[in-house]
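Right, one structure below, let's go through it.
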Amino acid sequence: MASYADYTYYLDTYGGTIIPAEAFEKTMRDASREVNRYTLERAEAVLAANSDLSLIEKIKFAACAVAEVIYQYGNQLMARRDIASESVGDHSVSYLSTDQLRANEVHAISETIEGYLGLTGLMFLG
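Residue numbers for the sequence shown follow the working numbering, beginning at 288 and rising by one.
Now the structure itself:
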């Protein structure tokens with residue numbers, strides 16, 4: 288599967304600033320896979336047909352937004368710094384578990400894709 292956007296598109300058209308060039312290719316490939324999965328492989332078909340430019344733009348924006356989600360959660364998993372709770376008296380800090388972070392990531396990816404493509408018919412299950 289090809290990536291839905293290149294780094295130039297991410298920077299210049301989408302206006303992205305979060306993902307560095309060295310991490311972009313893998314992150315966008317993962318994001319493209321997620322967008323295609325949530326659209327039941329319809330996104331890839333739309334891009335291949337290259338006929339609905341407005342829908343293609345929405346798909347590319349969704350992929351860029353999902354790439355940012357994936358990149359940010361990947362950094363959190365590596366740093367393990369998401370605080371679940373913190374007390375001030377006798378200072379106690381609890382961090383989110385890896386499972387909680389992954390669940391949050393899945394939810395964020397779903398919400399992001401739905402925000403861009405939810406009304407396009409690409410995510411219709413019926």
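Ideal Cβ placement from N, Cα and C applies to all residues, glycine included. Quick caveat, the model's predicted, so the values are computed rather than measured.
Less than 8 Å between the CB atoms is what I'm expecting for residue i and residue j, so what's the real figure, rounded?
| i | j | result |
| --- | --- | --- |
| Tyr360 | Glu328 | That pair is no contact at about 24 Å. |
| Ile357 | Ala318 | 6 Å |
| Tyr294 | Lys345 | Not quite, the Cβ-Cβ distance comes to about 19 Å (not below 8 Å), so this is no contact. |
| Ile306 | Val353 | Wrong, their Cβ atoms sit about 11 Å apart, outside the cutoff. |
| Ala292 | Lys347 | 5 Å |
Compare the beta carbon distance of residue i and residue j with 8 Å and say whether it is the shorter of the two.
| i | j | result |
| --- | --- | --- |
| Val322 | Ala350 | yes |
| Thr470 | Leu409 | The shown model of the chain, from 288 to 413, leaves out residue 470, and the question about it has no answer. |
| Tyr296 | Phe311 | no |
| Met288 | Glu331 | yes |
Only counting the same chain, and skipping five residues up and downstream in sequence, which positions put a Cβ closer than 6 Å to that of residue i?
| i | result |
| --- | --- |
| Ser290 | Met315, Arg316, Ser319 |
| Gly303 | Tyr297, Cys351 |
| Phe411 | none |
Considering only residues of the same chain and omitting the five flanking positions on each side of residue i, which have a CB-CB separation below 8 Å?
| i | result |
| --- | --- |
| Ser397 | Tyr325 |
| Asp339 | Val333 |
| Ala308 | Tyr294 |
| Thr407 | Leu342, Lys345 |
Beta strand (DSSP E) segments (min. 3 residues) lying fully within the region 321-359: Fully enclosed beta strand (DSSP E) runs of 3 or longer: not present.
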